[in-house]
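Undergrad:
In the working numbering, the protein residues as written are 51 to 427.
What follows is the structure, given as structure tokens:
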């Protein structure tokens, strides 16, 4: 287990060597291994350059241009990419020359979009795979198959986009109609399964498979909503799931992102005219300005292509309300000190484990080894 050490602009992490069985090892190698195990507590760190920043200490300059040509060397996975926001992001990165692999339940729509995109963009490295994000087995197969489709066998970017609107009615509109001695119907948990459990599965597998790419080329983008910050009338479960995604982002943006070298960012769009908005929602929003899909696509593109952005959250509001903006900066900064203390505590635990291994080496060298040799003689 390696210690975790964080600094303001970059991260150091020390590598520890696991001791082998020492009974069959000569004295010189035993002494050397014991010395290495002990010294690794103090000075065997590998410093990452400041270009490998996993937590941006300055706000994003949303007016600054970014280099879209970096997209051409990326392999991007998108969950729920057959329509809506995911389709918009897919189309953008296909035009930029990226390898894009989308997964969705809607196989007919997904295959149709991919076929059309290959013709219109000339990019043959766009693929569709069937995916049920609520199934861990399905997600595992999706990630394994995606690596096989990647020209490099690697995954650089994962966008956890799949989501659904509020399904069913969690809070009864007329609770008095149900007698007190009758249990209310079980709530429909599809929204929880897709919007939160599915994101947890995607995040778990992303952190695993992104290790296939070099440090500095690993990135995960979580898709939340304005409901991650605000209440959603008549959308109790949906709002709860999006609050959950924000909580997940805040919990992992510093760790394990720093340990694993993964840039973790998040977007939180306002209502956008996509199929996820139900008819009732569209009626309620009639006459009101909504967010623009192009702004969402641009926000994701910036987070993917600007490799200096990490640990940040972009909201996409209606343009009259500000359009793309960074949110949650001050609040997240206020918990930074606590997060650092947690990482320091984990670092101390790792150092103690290394010291314990050193003591085991010494005991084998000075006590157990000689005794075994005596018994053999």
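Don't be surprised by glycine CBs; every beta carbon is placed ideally from N, CA and C.
Excluding five sequence neighbours on each side, which residues of the same chain lie with their C-beta closer than 6 Å to the C-beta of residue 356?
TA: Stepping through the chain shown from its first residue, residue 356 is reached at position 306. These residues qualify, in order along the chain: 116.
Undergrad: Which word fits residue 310, buried or exposed, when buried means at least 16 other C-beta atoms lie within 10 angstroms of its C-beta?
TA: Your numbering for residue 310 matches position 260 in the chain shown. Buried, since its Cβ has 16 or more Cβ neighbours within 10 Å.
Undergrad: Return yes when the C-beta of residue 360 is under 6 Å from any heavy atom of the ligand NAP, and no when it is not.
TA: In the structure on display, the ligand NAP does not appear, and there are no ligands present to speak of.
Undergrad: When the distance is taken between beta carbons, is residue 319 closer than 7 Å to residue 346?
TA: Against the chain shown, residue 346 aligns to sequence position 296. Against the chain shown, residue 319 aligns to sequence position 269. Yes.
Undergrad: So, helix, strand or coil for residue 424, using DSSP?
TA: Residue 424 sits at position 374 when you count from the first residue of the chain shown. Looking at residue 424 - three-state DSSP - the assignment turns out to be helix.
Undergrad: I need the boundaries of the alpha helix (DSSP H) containing residue 364, first residue and last residue.
TA: Stepping through the chain shown from its first residue, residue 364 is reached at position 314. For residue 364, no alpha helix (DSSP H) encloses it; the enclosing beta strand (DSSP E) starts and ends at 363-366.
Undergrad: According to DSSP, is residue 323 part of a helix, a strand, or is it coil?
TA: Stepping through the chain shown from its first residue, residue 323 is reached at position 273. Three-state result, residue 323: coil.
Undergrad: Kindly give me the distance between the Cβ atoms of residue 242 and residue 291, rounded to whole angstroms, as I take these residues to be in contact under 8 Å.
TA: Here residue 242 refers to the residue found at position 192 of the chain shown. Here residue 291 refers to the residue found at position 241 of the chain shown. Between residue 291 and residue 242 the Cβ distance is about 6 Å, and since that is below 8 Å, they are a contact.
Undergrad: Compare the beta carbon distance of residue 339 and residue 306 with 7 Å and say whether it is the shorter of the two.
TA: Indexing the chain shown from 1 puts residue 339 at position 289. Indexing the chain shown from 1 puts residue 306 at position 256. For residue 339 and residue 306, no; Cβs fall outside 7 Å.
Undergrad: Under 8 Å Cβ to Cβ from residue 281, same chain only, skipping five residues before and after it: list those, please.
TA: Walking along the chain shown from the start, residue 281 turns up at place 231. Answer for residue 281: 289, listed in chain order.
Undergrad: Can you pull the DSSP bridge partners for residue 180?
TA: Locating residue 180 in the chain shown gives position 130, counting from the first residue. DSSP, once it has assigned bridges, lists 154 as partnering residue 180.
Undergrad: Under the assumption that residue 214 contacts residue 279 (Cβ atoms under 8 Å), give the Cβ distance between them as a whole number of angstroms.
TA: Start at 1 with the first residue of the chain shown, and residue 214 comes out as number 164. Start at 1 with the first residue of the chain shown, and residue 279 comes out as number 229. No, residue 214 and residue 279 are not in contact; Cβ-Cβ is about 20 Å, not under 8 Å.
Undergrad: So residue 268 is in the beta strand (DSSP E); what residue range does that whole segment cover?
TA: Here residue 268 refers to the residue found at position 218 when the chain shown is read from its first residue. Unbroken beta strand (DSSP E) run through residue 268: 268-273.
Undergrad: Taking just the CA atoms, how far does residue 372 sit from residue 228?
TA: Along the chain shown, one-based indexing puts residue 228 at 178. Along the chain shown, one-based indexing puts residue 372 at 322. So the two alpha carbons sit approximately 45 Å from each other.
Undergrad: To the nearest angstrom, how far is the alpha carbon of residue 131 from that of residue 160?
TA: Counting from one through the chain shown, the residue named residue 131 turns up at place 81. Counting from one through the chain shown, the residue named residue 160 turns up at place 110. Each residue's alpha carbon lies about 7 Å from the other.
Undergrad: Output yes or no for whether 7 Å exceeds the beta carbon distance between residue 256 and residue 183.
TA: Locating residue 256 in the chain shown gives position 206, counting from the first residue. Locating residue 183 in the chain shown gives position 133, counting from the first residue. Taking 7 Å as the Cβ cut-off, residue 256 and residue 183 do not qualify as a contacting pair.
Undergrad: CB residue 252 to CB residue 129, shorter than 7 Å?
TA: Position 202 of the chain shown, counted from the first residue, corresponds to residue 252. Position 79 of the chain shown, counted from the first residue, corresponds to residue 129. In this structure, residue 129 lies closer than 7 Å to residue 252 by Cβ.
Undergrad: Could you please give the first and the last residue of the uninterrupted alpha helix (DSSP H) stretch that includes residue 207?
TA: Numbered from 1 along the chain shown, position 157 holds the residue referred to as residue 207. No alpha helix (DSSP H) holds residue 207; the beta strand (DSSP E) holding it covers 207-210.
Undergrad: With burial defined as no fewer than 16 other Cβ atoms inside 10 Å of the residue's Cβ, what is the status of residue 423: buried or exposed?
TA: As a working note, residue 423 is residue 373 in the chain shown. By the neighbour-count rule (16 or more Cβ atoms within 10 Å), residue 423 is not buried but exposed.
Undergrad: Taking just the CA atoms, how far does residue 149 sit from residue 409?
TA: Along the chain shown, one-based indexing puts residue 409 at 359. Along the chain shown, one-based indexing puts residue 149 at 99. Separation of residue 409 and residue 149 (C-alpha to C-alpha, rounded to the nearest whole angstrom) is 49 Å.
Undergrad: Using beta-carbon positions only, say whether residue 151 and residue 112 come within less than 7 Å of one another.
TA: What you label residue 151 is simply residue 101 of the chain shown in a count that begins at 1. What you label residue 112 is simply residue 62 of the chain shown in a count that begins at 1. With respect to residue 112, residue 151 sits apart: the two C-beta atoms are not nearer than 7 Å.
Undergrad: Tell me, which residues are paired with residue 317 by DSSP?
TA: Position 267 of the chain shown, counted from the first residue, corresponds to residue 317. 273 and 364, per the DSSP bridge assignment.
Undergrad: For a test of the three-state rule: what should DSSP assign to residue 127, helix, strand or coil?
TA: As a working mapping, residue 127 is identified with position 77 in the chain shown. Residue 127: strand per DSSP, three-state reduction.
Undergrad: Taking the C-alpha atoms as reference points, what is the distance between residue 212 and residue 275?
TA: The count along the chain shown starts at 1 and reaches residue 212 at position 162. The count along the chain shown starts at 1 and reaches residue 275 at position 225. About 12 Å.
Undergrad: Apart from the five residues just before and just after residue 262, which ones in its own chain have a Cβ nearer than 8 Å to its Cβ?
TA: Position 212 of the chain shown, counted from the start, is the residue given in the question as residue 262. Answer for residue 262: 197, 203, 204 and 205, listed in chain order.
Undergrad: Would you give the residue range spanned by the beta strand (DSSP E) that residue 374 belongs to?
TA: In the chain shown, counting from the first residue as 1, residue 374 sits at position 324. Residues 374-376.
Undergrad: Out of 154, 221, 175 and 220, point me to the one whose CA is closest to residue 192's CA.
TA: Counting from one through the chain shown, the residue named residue 192 turns up at place 142. It is 154 whose Cα lies nearest to the Cα of residue 192.
Undergrad: Mind reading off the beta-carbon distance from residue 246 to residue 272? Whole number of angstroms is fine, and I expect it under 8 Å.
TA: Translated into positions along the chain shown, residue 246 becomes position 196. Translated into positions along the chain shown, residue 272 becomes position 222. In fact, because the Cβ distance is near 11 Å, the residues do not count as touching under 8 Å.
Undergrad: For residue 323, is the classification buried or exposed, using 16 other Cβ atoms within 10 angstroms of its Cβ as the cut-off for buried?
TA: The count along the chain shown starts at 1 and reaches residue 323 at position 273. Residue 323 is exposed by the Cβ-count criterion.
Undergrad: Along the alpha helix (DSSP H) that carries residue 254, what are the first and last residues, could you check?
TA: As a working note, residue 254 is residue 204 in the chain shown. In the DSSP annotation of this structure, the continuous segment of the alpha helix (DSSP H) that includes residue 254 starts and ends at 248-259.
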